[in-house]
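Residue numbers (numbering that gives the first Met the number 0), protein chains in the order written: chain V, 0 to 77; chain Z, 0 to 426.
We treat Cβ as the ideally placed atom computed from N, Cα and C, and that holds for glycine.
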Amino acid sequence: MKDIILKASSIKRELVILLCCFAAAELLNLAAVIFYSRPAIELLSMIGYVIVFSIITYLLLWIPRLVALLIKKISITR
Amino acid sequence: MERRDFIKEFGLGAGALAAVPWLASCVRKPDAAKGDKARLALIGSGSRGQYHIHMLRGIANAELVAICDPYEVNLQAALALCPTAKAYSDYRRVLEDTSIDGVIIATPLGSHARITLDAISAGKHVFCEKAMALTLDECKAVYDAYTHSDKALYYCMQRMYDEKYVKGVQMIRDGLIGDVVGMRCHWFRNADWRREVPSPELERKINWRLYRENSAGLMTELACHQLEVCNWVADRMPVEVAGLGDIVYWKDGREVYDSVSLTYRYSDGRKISYESLISNKFNGMEDQILGKNGTVDLTRGVFYLEEDNLEPGIKRLAKQIVDKTFAAIPTAGPSWRPELRSAYAPHPLIEGQVSVNAGQSMVSADHDGSDLILEAFCNSCITGSKAESVVEEAYCATTLCLLGNQAMDEKRVVSFPSEYKIPYMKF
């Protein structure tokens, strides 16, 4: 069986992407608070929703990334 | 704020008094000496009478001095709860006792009017269980006697003193759910409504609710409370009623319906849709006030908004995204879609723990306003002051119940008869 090596740079890159997803979700929360005229406390109290949004976004991002990875692999083998 | 204090504070507010004038009776007048006690007699010591004994124990200015019941079993059960009280089997002997300030009547409906009239004649203040009386003529006779007397008369319409109802009605009037467009009340149970009878000759006495000589059935026993709330919200009386009543399941010799379905119509077209069934409890008991912008369920002390602006922003956004992404073909728009009841988010009418008497158990049964209305009665016994609008509300609710029964019996639309109208009524 082959060992899987996770490089520090890969982990850092994934964490940065996840952080960006979290920031995007929180921005979405801010937009919702402004759009629906909700109290600002929802920026904190709705953190559960924000986390779920960030994880979903992160997972969704894997779809184009996997496609890109696949294309890259195919072009290298040719 | 404590529940009791809330009602008292509410009763003092000048603005609130217009909507709930009876709450002023919760506040003792300053001229009443501290330590004064209302000397009371209980007439009818069955389960409801014993419930009142339980309530009186928590009221500092109440003293139960006499208990009356012709049925020895109930009399002894009540005396066990209050051994210092004097026992009577004939209510007329109780009324002869000049040391008694007021009487609490918890007898079968058929005797409410007679005992109330005798008690008022004897110079007693009266607290009577709902409904007011068994017939329209009796209701009118009691109402006339009350208006010509200086004695206080209360009917145990406890929703009038229940915090969630008081606050809820106030919020509805303040525009919480927009224009009130209808009312939907029901009371479903799955029980035969029978009590155990030790010997057959007592059947009609113990199970009095099932027989017409003493009962008007589901209407006076259950609907009475709910119709009162509807009038309170609408601030007027329905002009007519239609309905159907049947004995659907409990065909055990009873004479009152076990299934009723009625529609009361106000002059502006709004309606009360009322239903009660005692062979299925799925829908439970609900007093729903339907507004253009939302619904208030007074029974549970919650409200729902059609467009829920109180829902967190991100939750609403997520719903919109899901709706836009997964919605079916939008042909013809919302008017075409089948509308199943949505999972509306409930919002509380009052902060803190809401006392709900669900009816299936006695938990919270003593915090439904019954204690406060009884305390208000004790205040009246001491100060001699009448409670505003309590008798009038009971009169309106009871007459509607009796007209509902008439509509069901005669299978026709019954308009409110002019001879039973009182000045308090607005149509």
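Apply the 10 Å Cβ neighbour rule to Asn189 (chain Z) and answer buried if 16 or more other Cβ atoms are within range, or exposed otherwise.
Exposed, by the Cβ-count rule.
Just reading off the alpha helix (DSSP H) that Cys395 (chain Z) is part of, what are its end residues?
First-last of the alpha helix (DSSP H) with Cys395 (chain Z): Val389 to Glu409.
Leaving out five residues on either side along the sequence, give the residues of the same chain with a beta carbon under 8 Å from the beta carbon of Gly177 (chain Z).
These residues qualify, in order along the chain: Gly290, Lys291, Asn292 and Gly293.
Should Tyr423 (chain Z) go down as buried or exposed, given a rule of 16 or more other Cβ atoms within 10 Å for buried?
Its Cβ having fewer than 16 others within 10 Å, Tyr423 (chain Z) is exposed.
Alpha carbon to alpha carbon, how far is Ser44 (chain V) from Gln359 (chain Z)? Give it in angstroms, no decimals.
The predicted model places Gln359 (chain Z) with a pLDDT of 49, which falls under 50 and marks its position as unreliable, so this point remains unresolved.
Suppose contacts are defined by Cβ-Cβ distances below 8 Å. Is Gly403 (chain Z) in contact with Gly242 (chain Z) by that definition?
Contact flag set, yes.
For chain V, find out if any of its Cβ atoms is closer than 8 Å to the Cβ of Gly293 (chain Z); answer yes or no.
Chain V, which has no Cβ nearer than 8 Å to the Cβ of Gly293 (chain Z), makes this no.
Just grab the DSSP bridge partners of Asp178 (chain Z) for me.
Asp178 (chain Z) pairs with nothing; no bridge assigned.
Which class does Tyr273 (chain Z) belong to by DSSP, given the choice of helix, strand or coil?
Strand at Tyr273 (chain Z).
What residue range is occupied by the uninterrupted alpha helix (DSSP H) comprising Ile46 (chain V)?
Looking at the DSSP string, the run of the alpha helix (DSSP H) that includes Ile46 (chain V) is Ile46 to Thr76.
On the premise that Met170 (chain Z) lies in contact with Leu348 (chain Z), defined as a C-beta separation below 8 Å, what is that separation, rounded to the nearest angstrom?
The Cβ separation is near 6 Å, so the contact holds.
Specify the secondary structure class of Ala431 (chain Z) as computed by DSSP and reduced to three states.
In the structure displayed, chain Z extends from 0 to 426; residue 431 (chain Z) sits before or after that span and is not available.
Count the C-beta pairs between the stretch 129 to 144 of chain Z and the stretch 313 to 323 of chain Z that are closer than 8 Å, then say yes if the count reaches three, no if not.
Touching, no, given that fewer than three Cβ pairs across the two stretches are closer than 8 Å.
Judging by CA-CA distance, which residue of Z:Gln49, Z:Leu175, Z:Arg158 and Z:Lys250 is the nearest neighbour of Tyr303 (chain Z)?
Taking only the C-alpha atoms, the option nearest Tyr303 (chain Z) is Z:Leu175.
So which residues of chain Z does Met0 (chain V) contact, with C-beta pairs closer than 7 Å?
Here the premise fails: no neighbours, minimum Cβ distance about 41 Å.
Any Cβ of chain V within less than 8 Å of the Cβ of Ile372 (chain Z)?
Judged by the 8 Å Cβ criterion, Ile372 (chain Z) is not in contact with chain V.
Would you please state the rounded distance, in angstroms, between the beta carbons of Ser278 (chain Z) and Trp249 (chain Z)? I believe it to be under 8 Å.
About 7 Å; that satisfies the 8 Å criterion.
What first and last residue would you give for the beta strand (DSSP E) that runs through Glu285 (chain Z)?
Residues Met284 to Gly290.
Just to confirm, is the Cβ distance from Arg38 (chain Z) to Asp100 (chain Z) under 8 Å?
Result yes, Cβ atoms of Arg38 (chain Z) and Asp100 (chain Z) sit closer than 8 Å.
For Tyr154 (chain Z), name the three-state secondary structure that DSSP assigns.
Looking at Tyr154 (chain Z) - three-state DSSP - the assignment turns out to be strand.
Closest Cβ-Cβ distance between Tyr57 (chain V) and chain Z: below 8 Å?
So, not an interface residue.
Nearest chain V C-beta to Lys314 (chain Z) closer than 8 Å, yes or no?
Output row for Lys314 (chain Z): interface = yes.
Would Pro347 (chain Z) pass as an interface residue toward chain V - the criterion being a Cβ-Cβ separation below 8 Å?
It does not: the Cβ of Pro347 (chain Z) has no partner Cβ on chain V nearer than 8 Å.
Determine the direct distance from the alpha carbon of Ile104 (chain Z) to that of Asn206 (chain Z), and round the result to whole angstroms.
Distance between the alpha carbons of Asn206 (chain Z) and Ile104 (chain Z) is about 18 Å.
Which one of Z:Thr115, Z:Ala118, Z:Val102 and Z:Ile271 has the shortest CA to CA distance from Gly181 (chain Z)?
Cα-wise, what sits closest to Gly181 (chain Z) is Z:Ile271.
Under 8 Å between beta-carbons, which chain Z residues line up against Phe34 (chain V)? List them in chain order, please.
Chain Z residues near Phe34 (chain V): Gly312 and Leu316.
With a Cβ-Cβ cutoff of 8 Å, do Ile52 (chain Z) and Ala18 (chain Z) count as a contact?
No.
Going by alpha carbons, who is nearest to Gln157 (chain Z) out of Z:Ala65, Z:Arg203, Z:Thr115 and Z:Met54?
Selected option, being the one with the closest Cα: Z:Met54.
Would you give the residue range spanned by the alpha helix (DSSP H) that Lys11 (chain V) belongs to?
Its alpha helix (DSSP H) spans residues Ala7 to Phe34.
Any beta carbon of chain Z sitting closer than 8 Å to that of Leu43 (chain V)?
Chain Z, which has no Cβ nearer than 8 Å to the Cβ of Leu43 (chain V), makes this no.
With 8 Å as the threshold, decide whether the Cβ of Ala67 (chain V) is near any Cβ in chain Z.
Answer no: the Cβ-Cβ gap between Ala67 (chain V) and chain Z never drops below 8 Å.
Along the chain, which unbroken stretches of the beta strand (DSSP E) at least 3 residues long are found entirely within the stretch 191 to 268 of chain Z?
Whole beta strand (DSSP E) segments, 3+ residues: 239 to 245 and 258 to 264.
If we count the other Cβ atoms within 10 Å of its Cβ and call it buried at 16 or more, is Thr219 (chain Z) buried or exposed?
Thr219 (chain Z) is buried by the Cβ-count criterion.
Please confirm whether Ala39 (chain V) has its beta-carbon closer than 8 Å to some beta-carbon of chain Z.
Output row for Ala39 (chain V): interface = no.
Can you tell me whether DSSP reads Leu297 (chain Z) as helix, strand or coil?
It is coil, neither helix nor strand.
By Cβ distance below 8 Å, which residues in the same chain neighbour Pro69 (chain Z) in space, the five residues on each side in sequence not counted?
The residues are Ser88 and Asp89.
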